[in-house]
């Protein structure tokens, strides 16, 4: 640990300050001026109601932003950034800090200019305007959207410091829209139709094939997220919601739905988003995101600064195969496991929040979480996945994350044997 | 059935969106509209338009449109995708997944190139150019000879080497049974945990100003109580110094360039049509170079103020050695230098990272220089 004196010193100082404060809170020697003196905010006006017609987070939360990792890609127009999950609570991801993945940048497409075409093996090829979509019966659905490459940089070993970077290609929103099956019914799918191909209006025209069975089940054509219009970067005015399946299929700026008797085998479902196996062959059509969890606090970007004593461990769990039924937490590197509290509702194919409240004795810990879903699937270790898949895979890393909590409260991303 | 159940069912039916019933929304898509948007090509050749292209034409079109990222030989520059080679590497520790070594269907190449490429200038390639590029990519992967012409008719006779290299997701059979056992809850380890990999040792995570991982949560204690006086004083003092240092430096290049800028400005003012033409030509550059307000460096440097500036001096961009040396030797991006560089980038500066084929027409170069002159630093 000679490589980061700044961080060590900083955290050590913090721990001391924290400890001191705990002591003074219990037995204050001098009155707290924040209490005894009239503060400015308690005396004069704050912002008027016309100050922020659309509010942004207060300046003290300026660290809670999406971040990208520059060396990952050649161009930020075809790249990804990461949700600051280490700084968020609950389960709903605010749109403004929900991760973005673009293949040719986020485009500005107005509702007036928006068109959606349904063609291919249908009785009647159709064009809808945005206004047409508003006249179909609406549904609401809460769903996580996880990039298939979430954790992809971690296959070969612990690489990035912080769950924002290691598990942050995920968000969870409440969508309002119309069911794809209702739009398809309007066009009439011919009996030989087995697949729908969905395509975006941006320059990448990202397109993916979805089996008709899924398309008729729970796929939504969404135009609201978290109660407001989709943000530009999330596909305004219309995106696809494909619950439980990899984010690449959630086509943004959705412009065309075509029915085929076969998969299109587009670039995004052959060259990319296929999973290299040790024998040199690759799995394709690996759509489902398997059960996964991560402790978001403490984590490398959220070290423990209050010293020993009561400690809240919290994190997120999710499964593309249904509901999370249990999350176990270990603080000793997986020797013993303890069921965490699932806080709030565990919804199918949506982020689920867990908490594990403990009394930390101030000694080193290896903390891990392990999700179990309603199919009985237990989140595996990274090693168990590697034994099957090797290390040439980029996608679908749902292995257990290990954080090394040091005695000074600093947290590292590690792998353990 | 009881009356109440009947009512319940009836109300359920009313409340549930009618999936199978037509609402009569939307209008019929016209054939021209479908033709415009449905460019998809399937593995069996469905969707292929009439047309053809040969390897040599493909090499030319590829050089002009694709090589700036993918390299003249489809070898991939920097971290841009490698499109050729990689044969037999799929079980290597670092497999090279190219069109030849990995892609299962030729239709995917045509489909993707035609709809989504070139990067930043999608949907600008003609059908024949797309056939030609596809033919060239087959050639660069050693799959056809240099006299090959790809046509709609012979397209599906091409079988890609890795066509059999994919199989549908089998996790439900090969993985789920293994991971559905009731997990161990106590005494699960035989030995204490031992750290085998540490992310901190790789040092590849973005950092904040304190050297912590970017986004590290701020202190919740001390800052508001003890720090205000110091914190308020410190920011005021520290940034003032570097600002004072950089100001004169920034000022001098400006005064130098202003001496040359009037020419450029005059030219620009004289020919708005030329500027407009330049804006169009610049689309070839725009996937790598940004201009205008908030322009940032991308693959190439931002080009605000480039005309008349010393070569390789845009702050914060890491230039290739040859350009940096030209700049260090006092080279200026005047009209002559820009013409020479834009006509033949590698001829002007062998080893430049800008692997762009060049603007062969003098009028295109004039236009783009006039356009660039409109962007001041």
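Residue numbers (the working numbering), protein chains in the order written: chain A, 1 to 417; chain B, 1 to 377.
Don't be surprised by glycine CBs; every beta carbon is placed ideally from N, CA and C.
Keep in mind that this is a model prediction, so the values were computed, not measured.
Which residues, in chain order, does the segment 364-391 of chain A contribute to contact with chain B at a C-beta distance below 9 Å? 366, 370, 372, 375, 376, 377, 378, 379, 380, 384, 385, 388, 389, 390, 391
*Every unbroken alpha helix (DSSP H) inside the segment 294-355 of chain B [4 residues or more]*: Entirely contained in the segment 294-355 of chain B, the alpha helix (DSSP H) runs reaching 4 residues are, in chain order, 321-328, 335-343, 345-348.
Roughly how many angstroms separate the alpha carbons of residue 302/B and residue 203/B, rounded to a whole number?
28 Å
Closer than 8 Å at the beta carbon, the chain B residues around residue 414/A: 195, 196, 197, 198, 199
Item to complete: Kindly list the residues whose CB is nearer than 8 Å to the CB of residue 311/A, restricted to its own chain and excluding five residues on each side of it in sequence; keep chain order.
Response: 298, 304, 357, 358, 359, 360
Measure the Cβ-Cβ separation of residue 97/A and residue 247/A and say whether it is below 8 Å. no
Next on the checklist: For residue 393/A, which residues in the same chain have their Cβ closer than 7 Å to its Cβ, ignoring the five residues on either side in sequence?
Outcome noted: 155, 275, 276
**Prompt:** Do the CB positions of residue 301/A and residue 195/A come within less than 8 Å of each other?
**Reply:** no
Do you know offhand how far residue 207/B's Cα is from residue 71/A's? When rounded, the distance between both Cα atoms is 13 Å.
Problem - Closest by C-alpha distance to residue 272/A, when choosing among 98/B, 283/B, 328/B, 38/B - result: 98/B
| message | Rounded to whole angstroms, what is the Cα-Cα separation between residue 123/A and residue 27/B? | response | 13 Å
### Query
Straight-line CA distance for residue 380/A to residue 334/A?
12 Å
Check your understanding: Helix, strand or coil: how does DSSP classify residue 202/A here?
Key -> coil
| Quick one: Cα of residue 68/A to Cα of residue 205/B, how far? | 10 Å
Would you please verify whether the beta carbon of residue 335/A is less than 8 Å from any beta carbon of chain B? yes
Could you tell me whether the Cβ atoms of residue 296/A and residue 163/A are closer together than 8 Å?
In this structure, residue 163/A lies closer than 8 Å to residue 296/A by Cβ.
Query raised in the report: Less than 8 Å separating the beta-carbons of residue 370/A and residue 293/A?
Result: yes
*asked:* Please return the same chain residues whose Cβ sits closer than 8 Å to the Cβ of residue 254/A, not counting the five positions on each side in sequence.
replied: 116, 198, 199, 200, 201, 221, 235, 238, 239, 240
Given this structure, state the Cα-to-Cα distance separating residue 203/A from residue 221/B, to the nearest angstrom. 48 Å
task = Can you tell me which of 138/A, 407/A, 322/A puts its alpha carbon nearest to the alpha carbon of residue 245/A?
result = Of the candidates 138/A, 407/A, 322/A, 322/A places its Cα closest to the Cα of residue 245/A.
- Message: For residue 235/B and residue 410/A, I'd like the C-alpha separation in whole angstroms.
- Response: Any reading at residue 235/B needs caution, since the residue's pLDDT is 38, under 50, leaving its predicted position unreliable; the model's value is listed next. Whole-angstrom Cα-Cα distance: 27 Å.
By a C-beta neighbour count over all protein chains shown, 10 Å radius and 16 as the cutoff for buried, is residue 66/A buried or exposed?
buried
### Task
Say whether the segment 384-393 of chain A touches the segment 131-145 of chain A, bearing in mind that this needs 3 or more beta-carbon pairs closer than 8 Å, one atom from each stretch.
Because the criterion of three Cβ pairs below 8 Å is not met, the segment 384-393 of chain A and the segment 131-145 of chain A do not touch.
* **Counted within 10 angstroms of its Cβ, other Cβ atoms place residue 370/B as buried (16 or more) or exposed** => buried
Counting only beta-carbon atoms, is residue 188/B nearer than 8 Å to chain A?
-> yes
Is the beta carbon of residue 128/B closer than 8 Å to that of residue 53/B? yes
Proximity to residue 374/A [Cα-Cα], best of 385/A, 382/A, 326/A:
326/A
Margin query: Quick check on DSSP: helix, strand or coil for residue 28/B?
Written below: Looking at residue 28/B - three-state DSSP - the assignment turns out to be strand.
N- and C-terminal bounds of the beta strand (DSSP E) containing residue 352/A: Per DSSP, residue 352/A belongs to the beta strand (DSSP E) from 352-360.
Below 9 Å on C-beta distance, what does residue 180/B contact in chain A? 375, 376, 377, 378
- Item | Contact between the segment 102-117 of chain A and the segment 163-175 of chain A (3+ Cβ pairs under 8 Å) | no
### Task
Provide the residue(s) that pair with residue 48/B in DSSP beta bridges, ordered along the chain.
Looking at the DSSP assignment, residue 48/B forms no beta bridge with any residue, so it has no partner.
### residue 34/B: contacting residues in chain A (beta-carbon distance under 8 Å)
In chain order: 117, 119, 125.
To the nearest angstrom, how far is the alpha carbon of residue 124/B from that of residue 104/A?
15 Å
Rounded straight-line distance, which links the Cα of residue 37/B to that of residue 362/B | Spanning the two alpha carbons is a distance of roughly 35 Å.
Is the CB of residue 292/A under 8 Å away from at least one CB in chain B?
no
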